[in-house]
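S.K.:
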DNA sequence: GCCAACGTTGGC
DNA sequence: GCCAACGTTGGC
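In my numbering, the protein residues as written are 109 to 261.
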């Protein structure tokens, strides 16, 4: 099993939105970056766990935990001209973008802020904490996962 | 709202 | 295939 970090803007789709979804499950759609796409398509499997990270807010940070309940399948928002994620170059026969289904596990009692992540000696190489890190999906090592779990109270 | 960092596009 | 111009992300 692998660990990940999924970024989302709380105004658009935050952890509270996920909690209210049927079965507390939602498609993680709209990823339009090739590096993130490759991870979604090739590496992220059922049973993997991820931190839910709120970006573009004050403060940015980790707010909870999710797991993957359905592995890679074509992102159907790319086929829909009405969608803001529409991409005419992605077709059902030759899909360019992929998504997974994520399921709520828990919301932490507090936000573990980006600043805190950056300050922790065991997390200094964590991808999301690196300068200029813009990837919406990043890998998390088992050690980083354990460290962050221990910080949450 | 600014802007650094980074990804993508397209002319050549 | 290079790289300048442009667009986006997201912390601050």
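We put the CB at the ideal spot given by N, CA and C, even for glycine.
Reducing DSSP to helix, strand and coil, say where residue 100 ends up.
M.R.: Look at the range of the chain in this structure, 109 to 261, and you will see that residue 100 is not part of it.
S.K.: Roughly how many angstroms lie between the CA atoms of residue 110 and residue 183, to the nearest whole one?
M.R.: Stepping through the first chain from its first residue, residue 110 is reached at position 2. Stepping through the first chain from its first residue, residue 183 is reached at position 75. Whole-angstrom Cα-Cα distance: 22 Å.
S.K.: Runs of 3 residues minimum, wholly inside the segment 151-181: which ones carry the beta strand (DSSP E) assignment?
M.R.: Qualifying beta strand (DSSP E) stretches, in chain order: 157-162.
S.K.: Go ahead and pull the three-state DSSP assignment for residue 184.
M.R.: In the first chain, counting from the first residue as 1, residue 184 sits at position 76. In the structure shown, residue 184 sits in a helix (DSSP, three-state: H, G or I).
S.K.: With respect to the beta strand (DSSP E) encompassing residue 215, which residues constitute its N-terminal and C-terminal limits?
M.R.: Position 107 of the first chain, counting from 1, holds the residue named residue 215. 206-221 is the span of the beta strand (DSSP E), which, as asked, contains residue 215.
S.K.: For residue 134, which residues does DSSP report across the bridge?
M.R.: As a working note, residue 134 is residue 26 in the first chain. Residue 134 pairs with 210.
S.K.: If you draw a straight line from the C-alpha of residue 155 to the C-alpha of residue 179, how long is it?
M.R.: Here the question's residue 155 lines up with position 47 in the first chain. Here the question's residue 179 lines up with position 71 in the first chain. Distance between the alpha carbons of residue 155 and residue 179 is about 9 Å.
S.K.: Just list the residues that DSSP pairs residue 248 with in beta bridges.
M.R.: Position 140 of the first chain, counted from the first residue, corresponds to residue 248. BP columns for residue 248 point to 111.
S.K.: Output needed for residue 165: all residues of its chain with C-beta closer than 8 Å, excluding positions within five of it in sequence on either side, in chain order.
M.R.: Within the first chain, the letter at position 57 stands for residue 165. Answer for residue 165: 117, 118 and 119, listed in chain order.
S.K.: Please state if the CB of residue 210 and the CB of residue 121 are separated by a distance shorter than 8 Å.
M.R.: In the first chain, residue 121 corresponds to position 13, counting from 1. In the first chain, residue 210 corresponds to position 102, counting from 1. It is not a contact, given that the beta carbons lie outside the stated cut-off.
S.K.: Can you look up residue 234 in the DSSP assignment and give me helix, strand or coil?
M.R.: Residue numbering aside, residue 234 sits at position 126 when the first chain is read from its first letter. DSSP places residue 234 in coil when its eight states are reduced to three.
S.K.: For residue 243, which of helix, strand or coil comes out of DSSP?
M.R.: The residue given as residue 243 occupies position 135 in the first chain. Residue state, collapsed to three classes: coil.
S.K.: Are there any heavy atoms of the ligand COA lying less than 7 Å away from the beta-carbon of residue 223, as far as the coordinates show?
M.R.: Ligands displayed in this structure: none; no statement on the ligand COA is therefore possible.
S.K.: Pick helix, strand or coil for residue 101, following the three-state DSSP scheme.
M.R.: There is simply no residue 101 to check, as the chain begins at 109 and stops at 261 in what is shown.
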